[in-house]
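Numbering (UniProt numbering), first residue to last: 1 to 618.
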């Protein structure tokens, strides 16, 4: 009887809002039908109004509306729990104002003409409630200064709003300087950078492509969740950006592609948008995209993704969303053998604007804009093998379930796991830099001095090019860790014959060792392929630095020889290169040398380790 009266009341008066609720907290890609389906067990609801921030739904009676409100933060869409409140006319008007207050206050203090550009999972539509917010601040050329200045200035500015911003951590000396902080009103971790717009342009491309078809975002969200559940994605693994590009590349494949190659989107020079020598522009009109004949369901698209990559030859082929088809790794050995379309890549390499793409890693997926960037380079040989096992497992599950309308398909790939044999850990060699070395550094930014010397040893003296893959800070221990990737192609530890050359007698350490390395690389016939991680770990109280190398892929025996060489030379070379940065010592020279030799001997014996953890000084 009460329900009947409530229903009649709602029907009698359109102005009666007791049947209407205010819903927020859903992902930006949510559709009206997603909301009506979610609230169906409360009753039939109609979506009156919907935008990216909130929606209003009207039920057939007030009791259904009250039931929905009581279940606020218990119902979810695409993994995001919804806030359901009774509707009030003021709510719709005030919500946008409240959300923008913090932005407006902060904007008043920004440099005139600056633009904040969000990027990452949230603007692409692939974010969830726990996703971090990434933002690039584009500063006008007349105001640009070294990135570190902007980072420190921003950190000082954020500290003026302690009720809004917390856990503020500036990292000015990173490869990409950032400010990390926690936004209290939205409970969101945020990263702000000033270095390059490339990340923002990548996000714009993903945002555009995933809206080409309503099936794509749900498909991408589920595959992203699958990778996260099975610990394949994240820091030091397959990045979410790389995974998204794998999805886009799969959707470009014949016979019924849904998305065009990125090169097709860049046909019109009027769309060009150059960032750091790369064309990041593209045609962004959805109505101009070529029509697709692909009528697969979301489950069929997901199953097809697993089938495609379960047999993809990552050892020989490159995932190339720019061209829209796989290309052989060997073609990148010589610029003249590259297929048509890579004119800008060739030009940037020849003009020394960038280094060539590292294509010899276990997986290679080329960034469609920054074409020298292998976005899958962090994937080690062991991780690549494990991911392939999971891909085959998921493909087999799809084959079993597709005749049954995929009823148990998602449950199978998310909850079940294939059996993977345990492998012996990759060898690792590490050295704790002598504490007296660190304490003697005059510069307050002692970490930059350590980093510079290590780079001189590897890049200048040993001719090993390093590429940064990760940087992280442990907020509890305050320890900082940096990871770089390097490749060794010749046995540079075989230096005995080259070191006897009389022409080296009058050179300093850096010049001499660089010459010896060049001799080894020019005349040593043995070819090797070692891909390794260089890991630098810093702690502040007391000041301490640990340098480690860990095999990522390649010949284990050769890496162990390289590791022994690394341990034998690191402390000695570091000590000599440190001289210009260190304060003079009054210690007796003889005792100092004896102390150092004693330390080096003990360090050599204790640091030749073979481990499978990644917990250096955690």
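All residues carry an ideal CB built from backbone N, CA and C; glycine is no exception.
Contact between the segment 391 to 410 and the segment 342 to 360 (3+ Cβ pairs under 8 Å) = Contact between the segment 391 to 410 and the segment 342 to 360 is absent, because fewer than three Cβ pairs lie under 8 Å.
Start and end residues, beta strand (DSSP E) containing residue 537 = For residue 537, the enclosing beta strand (DSSP E) has its first and last residue at 530 to 540.
Residue 219 to residue 365 span [Cα, whole Å] = Within the model, the alpha-carbon separation for residue 219 versus residue 365 is close to 20 Å.
For residue 512, is the beta carbon positioned less than 8 Å from some heavy atom of the ligand GTP?
-> This structure does not include the ligand GTP; it has no bound ligands of any sort.
Apart from the five residues on each side of it in sequence, which residues of its chain come closer than 7 Å, Cβ to Cβ, to residue 36?
-> Answer for residue 36: 45 and 47, listed in chain order.
Whose C-beta lies closer than 6 Å to the C-beta of residue 85 among residues of the same chain, with five residues either side of it excluded?
-> The beta carbon of residue 85 sits closer than 6 Å to those of 22, all from its chain and outside the five residues before and after it, given in chain order.
Are there 16 or more other CB atoms within 10 angstroms of the CB of residue 373, so buried, or fewer, so exposed?
-> By the neighbour-count rule (16 or more Cβ atoms within 10 Å), residue 373 is buried.
Secondary structure at residue 434, three-state DSSP: helix, strand or coil?
-> Looking at residue 434 - three-state DSSP - the assignment turns out to be coil, as it is neither helix nor strand.
Please specify which runs of the alpha helix (DSSP H), each continuous and at least 4 residues long, are wholly inside the segment 254 to 292, giving them in chain order.
-> The qualifying runs are 262 to 265.
CB of residue 298 within 9 Å of CB of residue 200, strictly | Contact: no.
Would you call residue 87 buried or exposed, if buried means 16 or more other Cβ atoms sit within 10 Å of its Cβ?
-> Buried: at least 16 other Cβ atoms inside 10 Å.
From 527, 536 and 499, residue whose alpha carbon lies closest to that of residue 454 | Out of 527, 536 and 499, 536 has the C-alpha closest to the C-alpha of residue 454.
Within 10 angstroms of its Cβ, does residue 481 collect 16 or more other Cβ (buried), or is it exposed?
-> Looking at its Cβ environment, which holds 16 or more other Cβ atoms inside 10 Å, residue 481 is buried.
Give the DSSP bridge partners of residue 136, in chain order.
-> 117 and 193.
Name the two residues that bound the continuous beta strand (DSSP E) containing residue 551.
-> Unbroken beta strand (DSSP E) run through residue 551: 543 to 554.
Taking 9 Å as the cut-off, decide whether the C-beta atoms of residue 470 and residue 483 are in contact.
-> Taking 9 Å as the Cβ cut-off, residue 470 and residue 483 qualify as a contacting pair.
Taking all protein chains shown into account, do 16 or more other C-beta atoms lie within 10 angstroms of the C-beta of residue 523, making it buried, or fewer, making it exposed?
-> Residue 523 is exposed by the Cβ-count criterion.
If you run the structure through DSSP and keep just helix, strand and coil, what is residue 48?
-> If DSSP states are grouped into helix, strand and coil, residue 48 belongs with the strands.
Through-space distance from residue 169 to residue 492, alpha-carbon basis | When rounded, the distance between both Cα atoms is 40 Å.
Alpha carbon to alpha carbon, how far is residue 614 from residue 472?
-> With a pLDDT of 37 at residue 614, under the threshold of 50, the modelled position of this residue cannot be trusted; read the value that follows with caution. Residue 614 and residue 472: Cα-Cα distance of roughly 13 Å.
Apply the 10 Å Cβ neighbour rule to residue 58 and answer buried if 16 or more other Cβ atoms are within range, or exposed otherwise.
-> When all chains shown are included, residue 58 counts as buried.
Contact under 9 Å by Cβ, residue 120 with residue 132 = Yes.
How should residue 426 be labelled, buried or exposed, when 16 other C-beta atoms within 10 angstroms of its C-beta is the threshold for buried?
-> When all chains shown are included, residue 426 counts as buried.
Roughly how many whole angstroms lie between the Cα atoms of residue 292 and residue 80?
-> In this structure, the alpha-carbon of residue 292 lies about 31 Å from that of residue 80.
What span of residues does the alpha helix (DSSP H) with residue 484 cover, start to end?
-> Where residue 484 is concerned, there is no enclosing alpha helix (DSSP H), although the beta strand (DSSP E) it sits in stretches over 480 to 488.
In the DSSP assignment, find the unbroken beta strand (DSSP E) run with residue 83 in it and report its ends.
-> Residue 83 -> beta strand (DSSP E) spans 83 to 86.
Spatial distance of residue 530 from residue 552 (CA atoms) | Distance from the CA atom of residue 530 to the CA atom of residue 552, rounded to whole angstroms, is 8 Å.
Would the beta-carbon of residue 216 fall within 9 Å of that of residue 301?
-> Yes, Cβ-Cβ distance for residue 216 and residue 301 is below 9 Å.
Grouping DSSP H, G and I as helix and E and B as strand, with all else coil, what is residue 24?
-> Residue 24 sits in a strand when the DSSP states are folded into three classes.
Exposed or buried, which one is residue 224 when buried takes at least 16 other CB atoms within 10 Å?
-> Looking at its Cβ environment, which holds 16 or more other Cβ atoms inside 10 Å, residue 224 is buried.
So what does residue 217 bridge to, in DSSP terms?
-> Paired residue(s): none; residue 217 is not in a bridge.
Rounded to whole angstroms, what's the CA-CA distance from residue 621 to residue 244? Just pull it up for me.
-> Here the chain covers residues 1 to 618 and nothing more, so residue 621 does not appear.
Return the CA-CA distance between residue 543 and residue 234, expressed in angstroms with no decimal places.
-> Inter-residue distance for residue 543 and residue 234 is about 29 Å (C-alpha atoms, whole angstroms).
Would you call the segment 324 to 335 and the segment 448 to 463 touching, i.e. three or more CB-CB distances under 8 Å?
-> A contact between stretches requires three or more CB pairs, one per stretch, nearer than 8 Å, and the segment 324 to 335 fails this requirement with the segment 448 to 463.
Under 9 Å between C-beta atoms of residue 284 and residue 241 | No. Outside cutoff.
Classify residue 317 as helix, strand or coil using the three-state DSSP reduction.
-> Reduced to three states, the DSSP call for residue 317 is strand.
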